[in-house]
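In our numbering, the protein residues as written are -14 to 164.
The beta carbon of each residue, even a glycine, is placed where N, CA and C say it ideally should be.
To start, the structure under review is shown below, and the notes come after it.
And the structure:
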């Protein structure tokens, strides 16, 4: 049975990523907080994506959660807030932070997720919204190689290159050095 993939952050990059995951046959859950979000993602909903209202609901529904928000403050809010990801995460759920986050924050988030039995990868992106829409972004990944191997088939639906950069925080560090 295909793993359910949850998406938190459906802006210029996340929406394109979700489109490719859904189009590849994975069940998809989307965090949609407003009518505007629902309109922007109407095609994904028509394709079978499941709309949810809180990060906790997404974490409870998904085997893999991909966070694609602006940066560390937003990631920390998604994870630690009331009704946040930590409130619903299941053991063995893989949380992937594709945001442009700070490595120290990344390590704090990963540790908190681990206390709930979850797994974590930081997967910083390079590319443009057009690349995301075409399924051709690059991922700079930090985390356990076995966890990366378990989600690689999902990543391959929207990424042309996937680089294993080392331990948790290494993907975000590599992106910061790249920029």
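| task | Tell me residue 110's beta-bridge partners as DSSP assigns them. | result | Bridge partners of residue 110: 124.
Worksheet item: For the beta strand (DSSP E) that contains residue 145, what are its first and last residues?
Response: Looking at the DSSP string, the run of the beta strand (DSSP E) that includes residue 145 is 144 to 151.
Report task. Have a look at 55, 0, 58 and 52 and flag the residue whose alpha-carbon is nearest the alpha-carbon of residue 30. Result -> It is 0 whose Cα lies nearest to the Cα of residue 30.
key: Cβ shell of residue 109 (< 6 Å), same chain only, five flanking positions each side left out   = Excluding positions up to five away in sequence, the list reads 125, 156, 157 and 160.
Next on the checklist: Classify residue 4: buried if its beta carbon has 16 or more other beta carbons within 10 angstroms, exposed otherwise.
Outcome noted: A buried status is given to residue 4, since no fewer than 16 other beta-carbon atoms sit within 10 Å of its beta-carbon.
Just to confirm, is the Cβ distance from residue 54 to residue -9 under 9 Å? In this structure, residue -9 does not lie closer than 9 Å to residue 54 by Cβ.
Alpha-carbon to alpha-carbon, residue 28 and residue -4
So the two alpha carbons sit approximately 14 Å from each other.
(message) So for residue 37, helix, strand or coil by DSSP?
(response) Residue state for residue 37 is assigned as strand, using DSSP reduced to three classes.
- Query: Going by the beta-carbon positions, is the gap between residue 143 and residue 122 smaller than 9 Å?
  - Reply: Yes, Cβ-Cβ distance for residue 143 and residue 122 is below 9 Å.
**Asked** To the nearest whole angstrom, what separates the beta carbons of residue 68 and residue 40, a pair I think is in contact under 8 Å?
**Response** In this structure, residue 68 and residue 40 form a Cβ contact; the two beta carbons are roughly 7 Å apart against a cut-off of 8 Å.
Would you check if the segment 16 to 24 and the segment 134 to 150 touch, i.e. whether three or more CB-CB distances between them fall below 8 Å? Flag = no, the segment 134 to 150 and the segment 16 to 24 do not touch.
Using CA coordinates, which residue listed in -7, -6 and -11 is at the minimum distance from residue 12?
Selected option, being the one with the closest Cα: -11.
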